[in-house]
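Asker: Take this structure, written in structure tokens, and hold onto it; I'll ask about it next.
Number of protein chains: 2
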Amino acid sequence: MDINNFKYDEVGLNRFFGPLEAKIMELLWENERSIKEVQQRLDQDKPINFNTVMTVMNRLVGKGVLKKRIQGRVSLFHPVQSKEDFIKEQSKKITENLLDEFGGVVINHMLDAMEEVDQTLLVKLEQKIKQLKGDKS
Amino acid sequence: MDINNFKYDEVGLNRFFGPLEAKIMELLWENERSIKEVQQRLDQDKPINFNTVMTVMNRLVGKGVLKKRIQGRVSLFHPVQSKEDFIKEQSKKITENLLDEFGGVVINHMLDAMEEVDQTLLVKLEQKIKQLKGDKS
DNA sequence: TGAATACACTACAATTTGTAGTGTATTGTG
DNA sequence: CACAATACACTACAAATTGTAGTGTATTCA
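Heads up: the sequence lines are chains E and V, in that order. Taking the UniProt record's numbering, the leading residue of the first sequence gets 1, the next gets one more, and so forth. Taking the UniProt record's numbering, the leading residue of the second sequence gets 1, the next gets one more, and so forth.
Right, dumping it as structure tokens:
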């Protein structure tokens with residue numbers, strides 16, 4: 001299993017995860033935690049069953065985004081990647097996919113999308129392109 | 001309903017649709033067709049039930065990607081957008097989403113992804129950026 | 001020893017997608 | 001005109017995904 005789905009009608013981590021999964025990931029990106037701990041934190045919003053939390057956390061291990069570490073009697077869970085790295089990897093994959101598959105069509109619409117983007121980014125982009133052109137020619 | 005899911009472990013239209021849905025869309029982007037016609041074309045690969053095809057096609061109408069046109073006794077189905085426009089719209093949405101949500105992180109990884117991209121695209125990009133910078137400053 | 005705790009195993013509901021049965025209305029032909 | 005074929009609606013079911021939660025088991029600690 002793996003993360004390979006981008007829901008572009010959702011927000012934040014919900015783009016990659018179910019809503020409960022996302023909340024759990026968020027908590028575990030803050031800190032390595034036990035099921036109980038995660039459950040109690042989630043409970044502050046609305047009651048959530050311990051087993052529910054456990055199941056979802058174990059599924060996330062199955063998906064390869066969490067790791068379980070046995071600490072005496074309790075299992076501690078932590079993401080295999082930092083949140084930043086996760087997002088980087090996923091967005092890179094998505095972008096590569098878009099370009100691979102739909103090439104030029106996409107570039108143009110990436111650029112349209114970039115119209116909203118601020119000047120600093122544009123400058124960065126420009127530099128990167130210069131560098132790329134240099135490398136290749 | 002709507003298309004809002006990008007599966008980046010899949011290929012082609014399967015990124016946006018289920019495998020059968022994708023085949024059907026492909027056929028209808030070639031030509032407006034009846035259920036029967038679509039069914040018969042699909043049948044050439046492997047047997048496929050008429051009702052199966054009908055159900056999926058009606059669901060695609062429900063999702064807003066197909067339109068049904070009653071022609072005497074038969075319904076003719078056609079996509080609401082050209083394939084090109086569909087892909088453009090979707091990839092634009094995805095790109096906007098990525099940028100909105102993950103901003104600079106994404107730009108850099110877009111650029112990494114672009115390393116593979118050919119020179120002509122880079123030039124286009126560069127021009128676009130010039131134009132953007134002109135517009136904004 | 002018995003209760004509490006942590007976890008495994010199992011199951012169920014909703015959603016999505018592929019699959020297909022049955023029912024109904026219309027059409028066209030003998 | 002009657003009946004079969006056709007086109008389609010309605011309904012249902014299975015697998016996968018995600019949220020939900022019950023029961024069972026082993027360990028620990030009072």
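Glycine included, every Cβ here is placed at the ideal spot set by N, Cα and C. All figures in this text were calculated on a predicted structure; none of them were measured in a lab.
For the putative contact between residue 13/V and residue 22/V, defined by C-beta atoms under 8 Å, what is the C-beta separation to the nearest angstrom?
Answerer: 4 Å
Asker: What's the gap between the Cα of residue 64/E and the Cα of residue 57/E?
Answerer: Using only the alpha carbons, I get a separation of about 11 Å.
Asker: The beta strand (DSSP E) with residue 35/E in it runs from where to where?
Answerer: Note, residue 35/E: premise wrong, no beta strand (DSSP E); alpha helix (DSSP H) at 35–43.
Asker: Confirm, please, whether the CB-CB distance from residue 83/E to residue 75/E is below 8 Å.
Answerer: For the 8 Å CB-CB criterion, residue 75/E and residue 83/E do not form a contact.
Asker: Quick one: what does DSSP say residue 61/E is sitting in, helix, strand or coil?
Answerer: helix
Asker: As a quick exercise: from 61/E, 128/E, 98/E, pick the residue whose alpha carbon is nearest that of residue 16/V.
Answerer: 98/E
Asker: Under 8 Å Cβ-Cβ, which residues of chain E neighbour residue 101/V?
Answerer: 11, 12, 15
Asker: Please list, in chain order, the chain E residues whose beta carbon lies closer than 7 Å to that of residue 4/V.
Answerer: Per Cβ cutoff of 7 Å: 7, 8, 9.
Asker: Determine whether the beta carbon atoms of residue 35/E and residue 54/E lie at a separation below 8 Å.
Answerer: yes
Asker: In angstroms, rounded to a whole number, what distance separates the CA positions of residue 31/V and residue 51/V?
Answerer: 20 Å
Asker: Quick one: give me the first and last residue of the alpha helix (DSSP H) that residue 13/V is part of.
Answerer: It is not in any alpha helix (DSSP H) - residue 13/V carries neither H nor E in the DSSP assignment.
Asker: So which residues on chain V does residue 143/E lean against when the C-beta distance must stay under 8 Å?
Answerer: The displayed coordinates of chain E run from 1 to 137. Any statement about residue 143/E would go beyond what the structure contains.
Asker: Kindly indicate the opening and closing residues of the beta strand (DSSP E) around residue 79/V.
Answerer: 74–79
Asker: Flag residue 82/V as yes if its beta-carbon sits less than 8 Å from any beta-carbon of chain E, otherwise no.
Answerer: no
Asker: Which word fits residue 90/E, buried or exposed, when buried means at least 16 other C-beta atoms lie within 10 angstroms of its C-beta?
Answerer: buried
Asker: Any beta carbon of chain E sitting closer than 8 Å to that of residue 93/V?
Answerer: yes
Asker: Along the stretch 61–89 of chain V, where does the CB come closer than 9 Å to a CB of chain E? Name the residues.
Answerer: 84, 87, 88, 89
Asker: Does the beta carbon of residue 42/V come closer than 8 Å to any beta carbon on chain E?
Answerer: no
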